[in-house]
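*Asks:*
There are 2 protein chains.
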Amino acid sequence: MAPGAPGEEGEEKRLGRPPLVSDPREEILRQAAKLFAQKGYGASSLAEVAATLNYSKGAIYNYFATKQEIYDAIIIRTLDGLNQAAAAAVAEGGSPHARLRLFMIGHARYLADNYDSFVTMLVGYSGMANAALKDEALRLRDAHEGQLRAIIAQGVADGSFRAMDVAMTGRAVLSLLSWMARWYRPGGAMAAEDVADFYCDLIASGLLPR
Amino acid sequence: MAPGAPGEEGEEKRLGRPPLVSDPREEILRQAAKLFAQKGYGASSLAEVAATLNYSKGAIYNYFATKQEIYDAIIIRTLDGLNQAAAAAVAEGGSPHARLRLFMIGHARYLADNYDSFVTMLVGYSGMANAALKDEALRLRDAHEGQLRAIIAQGVADGSFRAMDVAMTGRAVLSLLSWMARWYRPGGAMAAEDVADFYCDLIASGLLPR
DNA sequence: CGATTTACATACCGACCAGTCGGAATATAA
DNA sequence: TTATATTCCGACTGGTCGGTATGTAAATCG
Chain A
1 MAPGAPGEEG EEKRLGRPPL VSDPREEILR QAAKLFAQKG YGASSLAEVA
51 ATLNYSKGAI YNYFATKQEI YDAIIIRTLD GLNQAAAAAV AEGGSPHARL
101 RLFMIGHARY LADNYDSFVT MLVGYSGMAN AALKDEALRL RDAHEGQLRA
151 IIAQGVADGS FRAMDVAMTG RAVLSLLSWM ARWYRPGGAM AAEDVADFYC
201 DLIASGLLPR
Chain B
1 MAPGAPGEEG EEKRLGRPPL VSDPREEILR QAAKLFAQKG YGASSLAEVA
51 ATLNYSKGAI YNYFATKQEI YDAIIIRTLD GLNQAAAAAV AEGGSPHARL
101 RLFMIGHARY LADNYDSFVT MLVGYSGMAN AALKDEALRL RDAHEGQLRA
151 IIAQGVADGS FRAMDVAMTG RAVLSLLSWM ARWYRPGGAM AAEDVADFYC
201 DLIASGLLPR
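Residue numbers (my numbering), protein chains in the order written: chain A, 1 to 210; chain B, 1 to 210.
If you want it as structure tokens, here you go:
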């Protein structure tokens with residue numbers, strides 16, 4: 001992730017006054033996500049975002065055209081990263097049950113590592129203006145859900161899972177994980193991976209004794 | 001619910017000009033919840049709420065002191081009604097599994113019947129100003145969660161459920177139900193009760209074949 | 001009828017905020 | 001040093017919204 005971190009090779013000299021912070025776009029997105037997560041999109045002002053970076057409000061507009069563009073960027077990058085994280089986790093392979101577990105743990109870990117962005121995405125505002133970006137967001141979300149459904153469908157097909165409705169089962173799994181953005185706090189008593197582990201066991205083995 | 005509907009007994013004549021609608025407070029709360037659910041608390045204006053009732057913005061202030069008071073009233077009444085609905089559903093009794101099912105179905109049905117209020121409560125803003133009301137809201141929420149935990153704890157105690165962590169299991173159940181406010185639409189393909197039924201079976205029997 | 005009470009509309013204020021614009025500051029390049 | 005490119009500030013604009021003040025219409029009461 002972040003291919004052009006600090007010590008990029010071709011660090012050619014650029015013209016003009018250098019930015020106050022090394023990567024303004026990144027810092028703005030990070031602080032905006034933090035604020036959006038705390039107070040919601042509508043109640044957050046760009047002036048406040050700027051203030052936390054020792055910027056004036058006008059400086060923000062060198063890097064983003066509108067407030068909406070900042071919000072959209074947060075959503076897209078979060079969905080994209082979630083997809084990659086889940087794909088990487090599932091790539092380890094194994095039985096459907098094992099892969100379901102890896103998927104859920106990967107999802108939970110990514111949520112914990114990108115907590116503010118997740119809260120912004122799942123509980124605040126949720127209105128993208130640009131139609132193309134909205135399509136892209138839907139595509140990324142469907143891709144994520146598609147990965148999960150493929151795992152469940154495989155388990156149902158090979159008999160390692162009961163013959164449940166795949167779409168609804170996937171929805172249940174994502175409901176458990178998504179609602180974590182509502183109550184989970186990074187650094188709390190339970191690690192995100194442990195929560196996912198618990199949920200996976202509950203969903204897999206059920207509440208009734210076997 | 002609604003003990004003083006239209007044909008109240010002591011319909012004594014009241015002084016002054018009669019309201020345009022029979023129960024202005026009720027109508028304001030309903031329309032506000034609808035708007036809050038659609039656009040979020042911050043993006044909804046009282047002028048718009050008033051317009052849908054053929055009111056002027058100023059008229060609202062005859063019935064509520066602040067916008068926040070409207071929001072708070074929606075949350076409190078929704079939590080209160082949810083508690084009563086769940087209690088009534090569970091009162092039918094039966095095994096822990098049966099009572100868990102009734103609890104979930106009661107919750108889902110109440111969500112479907114009060115959809116806008118639920119969305120307002122679960123996905124929008126979520127900030128109550130008055131400290132006493134916030135405490136009341138937390139109390140109602142804990143009471144609801146307490147009912148659920150009691151059912152699970154009883155099942156664990158009498159051996160009809162596996163020895164799972166009661167708090168986390170309750171959280172999982174409420175996660176499934178709460179996230180419904182995100183995707184469920186009244187009048188859609190699946191009734192809310194059927195969704196709850198599916199979730200209960202999944203949680204109870206698990207994904208693995210028995 | 002006039003007095004009183006309730007329910008509304010209209011007009012307005014003050015605060016806040018997204019977005020703009022001109023220019024100042026700081027860097028490289030020639 | 002001068003030209004140029006980039007970053008950033010500060011002041012401003014246009015508009016929205018919560019909340020208030022004032023007056024008026026419509027009902028009951030005496």
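Backbone N, C-alpha and C fix where the C-beta goes; we use that ideal spot for every residue, glycine too. Since the structure is predicted, the reported quantities are computational estimates derived from the model, not experimental observations.
(1) What's the gap between the Cα of leucine 202/B and the Cα of glutamate 48/B?
(2) Return no unless some Cβ of chain A is closer than 9 Å to the Cβ of leucine 176/B.
(3) At what residues does the alpha helix (DSSP H) containing alanine 57/B begin and finish?
(4) Could you list which residues in chain B have their beta carbon closer than 7 Å to that of alanine 172/A, in chain order?
(5) Where do the ends of the alpha helix (DSSP H) carrying arginine 101/B lie?
(6) With contact counted as at least three CB pairs below 8 Å, one residue from each stretch, are the region 65-80 of chain B and the region 117-127 of chain B in contact?
(7) Comparing C-alpha positions only, which one of Lys34/B, Arg210/B, Ser22/B, Cys200/B sits nearest to aspartate 116/B?
(8) Quick one: does lysine 39/A have its CB under 9 Å from some CB of chain B?
(9) Does the separation of the CB atoms of arginine 141/A and alanine 167/A fall below 9 Å?
(10) Do alanine 86/B and glycine 58/B have their C-beta atoms closer together than 9 Å?
(11) Closer than 8 Å by C-beta to glycine 93/A: which residues in its own chain qualify, once you throw out the five before and the five after it? Chain order, please.
(12) Give the residues of chain A in contact with proline 19/B, contact being defined as C-beta atoms less than 7 Å apart.
(13) Could you list which residues in chain A have their beta carbon closer than 8 Å to that of methionine 164/B, in chain order?
(14) Going by Cα to Cα distance, which pick from Arg182/A, Leu177/A, His144/A, Pro24/A is closest to alanine 218/A?
(15) How many angstroms separate the CA atom of alanine 129/A from the CA atom of tyrosine 63/A?
(16) What in chain A is Cβ-close to valine 123/B, meaning under 9 Å?
(17) On the CB-based measure, 16 or more other CB atoms within 10 Å of its CB, does alanine 2/A come out buried or exposed?
(18) Once you ignore the five residues that flank glycine 170/A on each side, which residues in its own chain have a CB closer than 7 Å to its CB?
(19) Chain B beta carbons: is any one of them nearer than 9 Å to that of leucine 102/A?
(20) Does the distance from the CB of leucine 111/A to the CB of leucine 82/A come in under 9 Å?
(21) Candidates Trp179/A, Gly127/A, Trp183/A: which alpha carbon is nearest glutamate 69/A's?
(22) State yes or no: is the beta carbon of isoleucine 213/B nearer than 9 Å to at least one beta carbon in chain A?
(23) Quick check on the burial criterion: 16 or more other C-beta atoms within 10 angstroms. Buried or exposed for proline 96/B?
(24) Count the other CB atoms, across all protein chains shown, that sit within 10 Å of the CB of glutamine 84/A; report buried if there are 16 or more and exposed otherwise.
(25) Taking the alpha-carbon positions, what's the phenylalanine 36/B to serine 45/B distance?
(26) Mind pulling the chain A residues with CB within less than 7 Å of alanine 150/B?
(27) So which residues of chain B does histidine 144/A contact, with C-beta pairs closer than 7 Å?
(28) Could you pull out every residue in the same chain whose Cβ sits closer than 7 Å to the Cβ of arginine 25/B, ignoring the five residues on either side in sequence?
(29) May I ask you to report which of helix, strand or coil DSSP gives arginine 141/B?
(30) Between the region 43-58 of chain A and chain B, which residues of the former have a C-beta closer than 9 Å to a C-beta of the latter?
(31) Quick test of your reading: alanine 91/A and alanine 192/A, contact by CB under 8 Å. State the CB separation rounded to the nearest angstrom.
(32) Can you confirm whether arginine 185/A, when its beta carbon is compared against all beta carbons of chain B, has any partner nearer than 9 Å?
*Replies:* The short version:
(1) In the second sequence, residue 202/B corresponds to position 202, counting from 1. In the second sequence, residue 48/B corresponds to position 48, counting from 1. It is roughly 43 Å from the alpha-carbon of leucine 202/B to the alpha-carbon of glutamate 48/B.
(2) As a position in the second sequence, residue 176/B is number 176, starting the count at 1. Chain A, which has a Cβ nearer than 9 Å to the Cβ of leucine 176/B, makes this yes.
(3) By one-based count along the second sequence, residue 57/B stands at place 57. Correcting the residue identity first, residue 57/B is lysine in this sequence and not alanine. Taken as a continuous stretch (DSSP letters only), the alpha helix (DSSP H) holding lysine 57/B covers 57-60.
(4) Within the first sequence, residue 172/A is the residue found at index 172, counting from 1. Near alanine 172/A (Cβ distances below 7 Å), the residues of chain B are Leu176, Tyr199, Leu202.
(5) Within the second sequence, numbered from 1, the residue matching residue 101/B stands at position 101. 96-113 is the extent of the alpha helix (DSSP H) around arginine 101/B.
(6) In short, these stretches touch, since the Cβ pair count reaches three.
(7) What you label residue 116/B is simply residue 116 of the second sequence in a count that begins at 1. The candidate whose alpha carbon is nearest that of aspartate 116/B is Lys34/B.
(8) Position 39 of the first sequence holds residue 39/A. At least one chain B Cβ lies under 9 Å of lysine 39/A.
(9) On the first sequence, position 141 is the one that residue 141/A refers to. On the first sequence, position 167 is the one that residue 167/A refers to. Result no, Cβ atoms of arginine 141/A and alanine 167/A do not sit closer than 9 Å.
(10) Start at 1 with the first residue of the second sequence, and residue 86/B comes out as number 86. Start at 1 with the first residue of the second sequence, and residue 58/B comes out as number 58. The answer is no: Cβ separation not under 9 Å.
(11) What you label residue 93/A is simply residue 93 of the first sequence in a count that begins at 1. Excluding residues within five positions, the ones whose Cβ falls inside 8 Å are Arg99.
(12) Translated into positions along the second sequence, residue 19/B becomes position 19. Those do not exist, as proline 19/B stays about 31 Å from chain A at its closest Cβ, beyond 7 Å.
(13) On the second sequence, position 164 is the one that residue 164/B refers to. Those are Leu202, Leu207, listed as they occur along chain A.
(14) This structure gives no information on residue 218/A, because the portion of chain A shown stretches from 1 to 210.
(15) The count along the first sequence starts at 1 and reaches residue 129/A at position 129. The count along the first sequence starts at 1 and reaches residue 63/A at position 63. Going by the C-alpha atoms only, they are around 18 Å apart.
(16) Along the second sequence, read from residue 1 onward, the residue named residue 123/B stands at position 123. Chain A residues near valine 123/B: Leu122, Val123, Gly124, Ser126.
(17) The count along the first sequence starts at 1 and reaches residue 2/A at position 2. Residue confidence for alanine 2/A is low, a pLDDT of 35 falling below 50, so the modelled location carries little weight and cannot support an answer.
(18) Numbered from its first residue, the first sequence carries residue 170/A at position 170. Only Glu145, Leu148, Arg149, Ile152 meet the Cβ criterion.
(19) Locating residue 102/A in the first sequence gives position 102, where the first residue counts as 1. Chain B contact via Cβ: absent.
(20) Taking the first residue of the first sequence as position 1, residue 111/A is located at position 111. Taking the first residue of the first sequence as position 1, residue 82/A is located at position 82. Yes.
(21) For the purposes of this step, residue 69/A is taken as residue 69 along the first sequence, with counting starting at 1. Nearest of Trp179/A, Gly127/A, Trp183/A to glutamate 69/A, Cα basis: Gly127/A.
(22) The first residue shown for chain B is 1 and the last is 210, placing residue 213/B beyond what the model contains.
(23) Position 96 of the second sequence, counting from 1, holds the residue named residue 96/B. With 16 or more Cβ atoms within 10 Å of its Cβ, proline 96/B is classed as buried.
(24) By one-based count along the first sequence, residue 84/A stands at place 84. By the 10 Å Cβ count, glutamine 84/A comes out exposed.
(25) As a first step, residue 36/B must be located in the second sequence, where it is residue number 36. As a first step, residue 45/B must be located in the second sequence, where it is residue number 45. One C-alpha to the other measures close to 9 Å.
(26) What you label residue 150/B is simply residue 150 of the second sequence in a count that begins at 1. Ordered by position in chain A, no residue passes the 7 Å Cβ test against alanine 150/B, which lies about 15 Å from the chain.
(27) If you number the first sequence from 1, residue 144/A lands on position 144. Those within 7 Å of histidine 144/A in chain B number zero; the least Cβ separation is about 14 Å.
(28) As a position in the second sequence, residue 25/B is number 25, starting the count at 1. Hits under 7 Å: Tyr63.
(29) Mapped onto the second sequence, residue 141/B falls at position 141. Here arginine 141/B carries a helix assignment [DSSP, helix/strand/coil].
(30) Ala43
(31) On the first sequence, residue 91/A is found 91 positions in, with the first residue counted as 1. On the first sequence, residue 192/A is found 192 positions in, with the first residue counted as 1. Not quite, the Cβ-Cβ distance comes to about 20 Å (not below 8 Å), so this is no contact.
(32) Within the first sequence, the letter at position 185 stands for residue 185/A. No, arginine 185/A lies away from the interface with chain B (no Cβ there is under 9 Å from its Cβ).
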